[in-house]
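2 protein chains.
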Amino acid sequence: MLHEEVVGRLRTILLDGEIPPGGRIPERELCAKLAISRTPLREALKVLAAEGLVLLLPNRGSRAAKLTGKDLQDLFEVCQGLEALAGDLACERITDAEFAAIRTFHDEMVDHYRRGELAPYYRCNRHIHEAIINAARNPVLTGLYESVTARIRRARYVTPMPPPNWAVAVQEHEAILNALLRRDGTALSHILRTHLRHKKEEVIRAGFAEIEQQRPMEGRHGLFGGSVQAGYGSRADI
Amino acid sequence: MLHEEVVGRLRTILLDGEIPPGGRIPERELCAKLAISRTPLREALKVLAAEGLVLLLPNRGSRAAKLTGKDLQDLFEVCQGLEALAGDLACERITDAEFAAIRTFHDEMVDHYRRGELAPYYRCNRHIHEAIINAARNPVLTGLYESVTARIRRARYVTPMPPPNWAVAVQEHEAILNALLRRDGTALSHILRTHLRHKKEEVIRAGFAEIEQQRPMEGRHGLFGGSVQAGYGSRADI
DNA sequence: GTTGGCAGATTTGAATGCAAAATGCAGGTA
DNA sequence: TACCTGCATTTTGCATTCAAATCTGCCAAC
Chain A
7 MLHEEVVGRL
17 RTILLDGEIP
27 PGGRIPEREL
37 CAKLAISRTP
47 LREALKVLAA
57 EGLVLLLPNR
67 GSRAAKLTGK
77 DLQDLFEVCQ
87 GLEALAGDLA
97 CERITDAEFA
107 AIRTFHDEMV
117 DHYRRGELAP
127 YYRCNRHIHE
137 AIINAARNPV
147 LTGLYESVTA
157 RIRRARYVTP
167 MPPPNWAVAV
177 QEHEAILNAL
187 LRRDGTALSH
197 ILRTHLRHKK
207 EEVIRAGFAE
217 IEQQRPMEGR
227 HGLFGGSVQA
237 GYGSRADI
Chain B
7 MLHEEVVGRL
17 RTILLDGEIP
27 PGGRIPEREL
37 CAKLAISRTP
47 LREALKVLAA
57 EGLVLLLPNR
67 GSRAAKLTGK
77 DLQDLFEVCQ
87 GLEALAGDLA
97 CERITDAEFA
107 AIRTFHDEMV
117 DHYRRGELAP
127 YYRCNRHIHE
137 AIINAARNPV
147 LTGLYESVTA
157 RIRRARYVTP
167 MPPPNWAVAV
177 QEHEAILNAL
187 LRRDGTALSH
197 ILRTHLRHKK
207 EEVIRAGFAE
217 IEQQRPMEGR
227 HGLFGGSVQA
237 GYGSRADI
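As given, the protein sequences belong to chains A and B, one line each in that order.
Sequential numbering of the first sequence, starting at 7, is according to the numbering used here.
Sequential numbering of the second sequence, starting at 7, is according to the numbering used here.
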């Protein structure tokens, strides 16, 4: 019960920004805080490094990963690909009940839009996107999606929306719902790609990538391929 | 230098089937074999569990993950999505040199096809797919792709090809090259999806998923989402 | 003959210990 | 004053140790 939980709690700490991106991760303090020894903590750090949330610097400790604008762009692009795939699959596999649930979220979301309530709008929005992923009935996809979206969540679901863009986003969501209703995978896939591309542009324009004071070569690491790997630095928040 | 290397070697051991899927992973033996202590080995196991290559059974050790037909299908679907995305991006970003390299691999591949040389054919084939991924210039994508393809590599690049299917595959590759030449992302994306879908169907038909003697509930685990998580069993080889 | 249960051995999960590397700081030198 | 050098301290990475859980084999009871 220890290991899983440690990974989860650490992940929360990192995603919530309790340890700010780029911040040092003090092993001893965290051990005390979580009331565990260094062994399970270090195991968790390795796992999170594989997820791209932690940067392991050999012999020099670990740091919370920072996202550069490039990182953010890369992540959004991948997210586009994953959601497009999910949309395609979801149209083949979604149940009527699942569709109904999405429609409910959608209607609620539109209500929040009309009232200009951003936070609840985003909540519904996120439910919809996640429901589409789940409807694809592909655990591998779900897993990758969670891992990718976790890292852009704050950028994605916090960025303020200028009214014109917000209107477009809602329109796109109408189209998403429509494509789902028609079970038109190709269309849904296309809309989702567009939708995410817009979101990406908005987030990047909103400045989630401007504070790039490139740190000089932090080590690589960050298993699973090249995720964070290529050694970035910077970004203070997200 | 230890940790990274241990993960790498263990991954190789698992992917090469040196420890067969579903096989127990004997910590002590592996420690002796790799000349390390249990601590770094266990860290590596946790990381590989997060990648979906290892199943962690609380208090009952770890096992090499097995792929069910469903797993294989899920992985191929995700691979479709990733390659489609890569194709789209690659068309925007590929350099002439990269394209030339792909064309060279392509020509060589066709030669091998004409001579009926499957293994070298697959080698070129794989180079092409990887080159497209790399041309997308997206480290996150590259990382996920590596992680996903590693798990289906043996199925994908070992399955024998009935002549008619092989001919179709080569034709598809002609189309891939053509779309790349024209920098037509939409077309390339579409072809890659189709190409991968065919491959998936072929692999599944070739029987890489038939030996499913469902093991009774092995624990879950296997971080990153639901990858292996949902607790499958079975498959003896791959 | 089979089943249930108990004691010993094995294995796992986590804590602690120890050597090596890195960091910080004081003092000396140009 | 700025910079380099050497030492003490801290931190990291791995090995070892220890407690708890699981597995194995044996015996008794039905």
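We put the CB at the ideal spot given by N, CA and C, even for glycine.
Bear in mind that the values here come from a model prediction, so they are computed numbers and not experimental data.
N-terminal and C-terminal residue of the beta strand (DSSP E) that residue i is part of
i             : result
S43 (chain A) : Run containing S43 (chain A): none; DSSP gives neither H nor E here.
V60 (chain B) : 60 to 62
For residue i, the first and last residue of its enclosing alpha helix (DSSP H)
i              : result
I25 (chain B)  : Premise fails: I25 (chain B) is in no alpha helix (DSSP H) and is neither H nor E.
G191 (chain B) : 191 to 211
R162 (chain B) : 145 to 162
P169 (chain A) : 169 to 187
Chain-ordered chain A contacts of residue i [CB-CB under 8 Å]
i              : result
Q177 (chain B) : Result: empty, since nearest Cβ-Cβ is about 22 Å, beyond 8 Å.
A90 (chain B)  : G87, A90, L91
V12 (chain B)  : The premise fails here: V12 (chain B) is roughly 10 Å from chain A at the closest Cβ pair, so nothing lies under 8 Å.
Nearest to residue i (by Cα), restricted to the options the options
i              : options                        : result
V84 (chain A)  : A:R132, A:I158, A:L186         : A:I158
A92 (chain B)  : B:L147, B:A173, B:L124         : B:L147
M115 (chain A) : A:A185, A:A96, A:H135          : A:H135
R189 (chain A) : A:P166, A:L59, A:L88, A:F105   : A:F105
T165 (chain A) : A:H201, A:G213, A:N65          : A:G213
P169 (chain B) : B:R120, B:L186, B:H179         : B:R120
L95 (chain B)  : B:M167, B:R109, B:N144         : B:N144
L186 (chain A) : A:V12, A:V209, A:I139, A:K206  : A:I139
E178 (chain A) : A:R203, A:L16, A:R162          : A:R203
I31 (chain A)  : A:A55, A:R132, A:D117          : A:A55
L88 (chain B)  : B:H201, B:V53, B:E208          : B:H201
R205 (chain B) : B:G23, B:L81, B:R44            : Sequence inspection shows Lys at residue 205 (chain B); the Arg mentioned does not correspond to that position. Measuring from the Cα of K205 (chain B), the nearest candidate turns out to be B:L81.
L124 (chain A) : A:E152, A:E98, A:I197, A:R162  : A:R162
E57 (chain B)  : B:G75, B:T45, B:R44, B:A71     : B:A71
V12 (chain B)  : B:G28, B:E33, B:P27            : B:E33
R109 (chain A) : A:G28, A:A137, A:M167, A:A90   : A:A137
R99 (chain B)  : B:E208, B:V209, B:G191, B:V176 : B:G191
L2 (chain B)   : B:N65, B:F111, B:L51           : Missing from the structure shown is residue 2 (chain B); chain B here goes from 7 to 244 and no further.
L62 (chain A)  : B:E180, B:A103, B:H9, B:D77    : B:H9
A142 (chain B) : B:R132, B:C97, B:D113, B:C130  : B:C97
H112 (chain B) : B:G122, B:R129, B:T101         : B:R129
Proximal chain B residues relative to residue i, where beta-carbon distance stays under 7 Å
i             : result
L81 (chain A) : V146
V53 (chain A) : K52, V53, A56, L229
Under 9 Å from the C-beta of residue i: neighbouring residues of chain A
i              : result
R48 (chain B)  : T45, E49
H133 (chain B) : Per Cβ cutoff of 9 Å: no residues; H133 (chain B) is ~17 Å from chain A at best.
Neighbour list for residue i in chain B, Cβ cutoff strictly below 9 Å
i            : result
H9 (chain A) : K52, L62, P64, H227
Proximal chain B residues relative to residue i, where beta-carbon distance stays under 8 Å
i              : result
V164 (chain A) : Result: empty, since nearest Cβ-Cβ is about 20 Å, beyond 8 Å.
V209 (chain A) : Those do not exist, as V209 (chain A) stays about 15 Å from chain B at its closest Cβ, beyond 8 Å.
Inset, instruction - Counting only runs of 4+ residues fully inside the region 69 to 124 of chain B, write out the alpha helix (DSSP H) ranges in chain order. - result: DSSP runs (the alpha helix (DSSP H)) wholly in the region 69 to 124 of chain B: 75 to 99, 102 to 121.
Inset, instruction - Name, going along the chain, the residues of the region 145 to 161 of chain A whose beta-carbon falls closer than 8 Å to a beta-carbon of chain B. - result: P145, V146, L147, T148, G149, L150, Y151, E152, S153, V154
Inset, instruction - Closer than 7 Å, Cβ to Cβ, to anything on chain A: give me those residues from the region 93 to 123 of chain B, in chain order. - result: L95
Inset, instruction - Note down, in chain order, all residues in the region 168 to 196 of chain A with a beta-carbon under 7 Å from any beta-carbon belonging to chain B. - result: none
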